[in-house]
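My numbering numbers the first residue of the sequence shown as 15 and each following residue consecutively. Glycine included, every Cβ here is placed at the ideal spot set by N, Cα and C. Below is one structure, written out as structure tokens; the observations come after it.
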Amino acid sequence: MANNSKGAMAKDTIIYMLAKGIEGIVGIVTMSVMTYLLSTAQMGYYVTVNIAITTIAMLAIQWLVQSVLRYVNKYDIAGKNKEFYTTVFTAWFRVNFGVILVAVLSVLLVKFGFGSVENIALKLGFTNIDRIRRFTSIYTNRVFVCGILWFVSYNTAQLMISMLAAVRAVKLNLLLSIITVCGRLVFMVIFCKLWTSKIEWIFLSYFITDAIVSIIGMKRLKIFSYIKGKASKEILDELKEYGFPLMGNQLTTSVLNQSDAYIITLMLGASASGIYKANYSLISSAFTLLNASVMRGCYPTILRAWSEDKKEQVQKLLNEAVRMYMIIAIPAVVGVFAVSDAAAYALFDAEYFEGHIVMFWVALGMMFLGLTEYSIKHWELNANTKAIFGRSLIGGIVNLALNLVLIKVTGSYFIAAVTTFIGFFVYFCLARFGTRNYLKWRIAPVKFVKIVFSAVVMCLAIEGLKLILPNSKLCLAIFIICGIIVYGTMLALTGEIKGEIAIIKNKLARK
Numbered sequence: 015m016a017n018n019s020k021g022a023m024a025k026d027t028i029i030y031m032l033a034k035g036i037e038g039i040v041g042i043v044t045m046s047v048m049t050y051l052l053s054t055a056q057m058g059y060y061v062t063v064n065i066a067i068t069t070i071a072m073l074a075i076q077w078l079v080q081s082v083l084r085y086v087n088k089y090d091i092a093g094k095n096k097e098f099y100t101t102v103f104t105a106w107f108r109v110n111f112g113v114i115l116v117a118v119l120s121v122l123l124v125k126f127g128f129g130s131v132e133n134i135a136l137k138l139g140f141t142n143i144d145r146i147r148r149f150t151s152i153y154t155n156r157v158f159v160c161g162i163l164w165f166v167s168y169n170t171a172q173l174m175i176s177m178l179a180a181v182r183a184v185k186l187n188l189l190l191s192i193i194t195v196c197g198r199l200v201f202m203v204i205f206c207k208l209w210t211s212k213i214e215w216i217f218l219s220y221f222i223t224d225a226i227v228s229i230i231g232m233k234r235l236k237i238f239s240y241i242k243g244k245a246s247k248e249i250l251d252e253l254k255e256y257g258f259p260l261m262g263n264q265l266t267t268s269v270l271n272q273s274d275a276y277i278i279t280l281m282l283g284a285s286a287s288g289i290y291k292a293n294y295s296l297i298s299s300a301f302t303l304l305n306a307s308v309m310r311g312c313y314p315t316i317l318r319a320w321s322e323d324k325k326e327q328v329q330k331l332l333n334e335a336v337r338m339y340m341i342i343a344i345p346a347v348v349g350v351f352a353v354s355d356a357a358a359y360a361l362f363d364a365e366y367f368e369g370h371i372v373m374f375w376v377a378l379g380m381m382f383l384g385l386t387e388y389s390i391k392h393w394e395l396n397a398n399t400k401a402i403f404g405r406s407l408i409g410g411i412v413n414l415a416l417n418l419v420l421i422k423v424t425g426s427y428f429i430a431a432v433t434t435f436i437g438f439f440v441y442f443c444l445a446r447f448g449t450r451n452y453l454k455w456r457i458a459p460v461k462f463v464k465i466v467f468s469a470v471v472m473c474l475a476i477e478g479l480k481l482i483l484p485n486s487k488l489c490l491a492i493f494i495i496c497g498i499i500v501y502g503t504m505l506a507l508t509g510e511i512k513g514e515i516a517i518i519k520n521k522l523a524r525k
């Protein structure tokens, strides 16, 4: 049974990795296109709005998304799907209705109570009217409306994808992920070409794509056939008890990941923020997909074993999940170190190139964030989300404090990437230390050495190619492909991935 679970977990992870790889490539193309569509200042303004919307979504709905992923199997085993889904979507409706109501009332208050944002600013003592007018010319009503629409479709799509992952609807889940990134890119280019490049068109493209994904997910899960009767207070209380502390965790994670953009905008200007965040987002988005590919492939199997009270099996599955994560994450960090300059040169407009210096530190920090996700599994499985929040809060405070001091002192956005790494590393150490006597993942030293050695050989191969090939889109592709081939070959020669090779061979043999 344990081998079957490990096989299922490995199979799901491989499928997720392949599809997330496609998603990542499209995401890189999207970021590249955006640097040509938007000026550095526009990119900076886009980043601030995007962060605001996703942070509100984290606080408002992610507690529900995470709770659904945690408990859907429990109520499926108990045969209480109707009660569970009715409760979930009642909570979803209340959250979205509340956010939209607050947004509409705020607009009405500004329009009819004060007359304009300028009047509010004057009443609050701000006298720089030119700056206020510039603010309102950038963050227009159209941006506001598109942002609210996207908020609803975004959090709905996140909920659907989480449910699909929990019930192991792997192929559809990945198809929807690819539809999301491809749809956003296509609609964004169409709108910007039709009506000039403005940030509101980007959010409109996001809204349309996520709405399509939400509808498909609802049909696949037959959500409407389950939503009947009243919500269960008992189920809702359980979801709240698990999920509400995660609101704080999501906020501190957002501080770790996003606060630097606002501080850079305030201290160094929107253009500096745009350059920094374009380079930052290229790497953080790729690592977010990488982390998700392994976690979504592993977590449902781990959760199922936990629900069936198979604690020893959970430990083995967790160790295997960390091993698979390191096989992907370590070469990813080393690869970013090797090709960051080539990537920025090939993918971005020339104005953004200088920001490539932040990429390695972003990759290193995101790797430790991924490892933290495995370190906190004991708390997650025991629904002790308060322990998670406390550790993430400390990491967020460290990052925020360092940013406020060092960005101003150095006058450079580079330091923000380093402080983000420090914040993530502090969070990881606190989580690792806090769970040291419980469900603690382990990886055999010999396996770790094989992975690191293979990654170093890959890096040397890429550096050798860089000596003889110029920087270009084609050469970047050559660097990456050759790096993957060298790394995969080294893993195969060391015997580290013989199990994964056997799974692929068996899959091909059955076709």
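- Its chain contains Trp164 and Arg198 as the residues whose beta carbon lies nearer than 6 angstroms to that of Tyr220, once the 5 sequence neighbours on both sides are disregarded; these appear in chain order.
- By the C-beta density criterion, Gly349 is buried, having at least 16 other C-beta atoms within 10 angstroms.
- Taken atom to atom, the span from the alpha-carbon of Lys233 to that of Leu186 is near 12 angstroms.
- Between Gly38 and Ala357, the CB-CB gap reaches or exceeds 8 angstroms.
- In the structure shown, Trp455 adopts coil according to DSSP, grouped into three states.
- Taking a 10 Å sphere around the C-beta of Val102, we find 16 or more other C-beta atoms and assign the residue as buried.
- Taking 8 angstroms as the cut-off, the Cβ atoms of Tyr59 and Ala284 count as close.
- Shown here for Phe205: same chain residues with a beta carbon closer than 7 angstroms to its own, the five before and five after excluded, namely Trp215, Leu218 and Ser219 in chain order.
- Contact annotation: Val159 and Thr44 have beta-carbon atoms that are not nearer than 8 angstroms.
- Across the set Asn110, Leu418, Pro345 and Ser486, the C-alpha of Asn110 shows the shortest separation from the C-alpha of Ser167.
- Sorting Phe493, Ala430 and Ala105 by C-alpha distance to the C-alpha of Ser246 places Ala105 at the top.
- Nearest to Val432 by C-alpha distance, out of Trp393, Leu51, Gly379 and Leu385, is Gly379.
- With respect to the 8 angstroms criterion, Phe382 and Phe442 are classified as neighbours on the basis of their beta carbons.
- If the five residues before and after Tyr89 are omitted, its C-beta is found closer than 8 angstroms to the C-beta atoms of Asn95, Glu97, Phe98 and Ile249, all from its own chain and listed in chain order.
- Contact between the region 333 to 344 and the region 292 to 309 is present, with at least three C-beta pairs closer than 8 angstroms.
- Here the alpha carbons of Asp251 and Lys454 stand approximately 29 angstroms from one another.
- In the structure shown, the three-state DSSP call for Arg156 is helix.
- Excluding five sequence positions before and after Arg156, the CB atoms of its chain that fall closer than 6 angstroms to its own CB belong to Glu214, given in chain order.
- Cys496 is positioned such that its CB atom lies closer than 8 angstroms to that of Leu479.
- Closest in C-alpha terms to Ile114, from the list Gln76, Ala71 and Val82, comes Ala71.
- When only Cα atoms are considered, Ile278 and Gly509 end up about 46 angstroms apart.
- Shortest Cα-Cα distance from Ala74 to any of Ser53, Thr170 and Tyr388 involves Thr170.
- Gly257 and Ser295 have their alpha carbons spaced roughly 27 angstroms apart.
- For Ala491, the enclosing alpha helix (DSSP H) stretches over residues Lys487 to Thr508.
- Following the DSSP letters along the chain, one finds Glu394 inside the alpha helix (DSSP H) bounded by residues Lys391 to Leu395.
- A contact between stretches requires three or more CB pairs, one per stretch, nearer than 8 angstroms, and the region 356 to 374 meets this requirement with the region 286 to 294.
- Pairing Asn396 with Gly425, the inter-Cα distance amounts to about 44 angstroms.
- Looking only at Asn398, Ile91 and Leu83, the smallest Cα-Cα distance to Glu322 is reached by Ile91.
- Restricting attention to alpha helix (DSSP H) runs no shorter than 4 residues, the region 206 to 246 encloses them at 213 to 235 and 237 to 240, ordered along the chain.
- The beta carbon of Ser228 sits closer than 7 angstroms to the beta carbons of Ser167, Thr170, Ala171 and Met174 from its chain, once the five residues preceding and following it are set aside; these are given in chain order.
- Straight through space, the alpha carbons of Pro259 and Thr399 are spaced by roughly 6 angstroms.
- Secondary structure note for Phe111: its alpha helix (DSSP H) is the uninterrupted segment Asn95 to Leu122.
- Remark: C-beta atoms of Thr449 and His392 approach each other more closely than 8 angstroms.
- Note on geometry: alpha-carbon atoms of Asn417 and Ser406 lie some 16 angstroms from one another.
- Burial is judged here by how many other beta carbons sit within 10 angstroms of a residue's own beta carbon; Val118 has fewer than 16 and is exposed.
- Collapsing the DSSP output to three states places Leu52 in coil.
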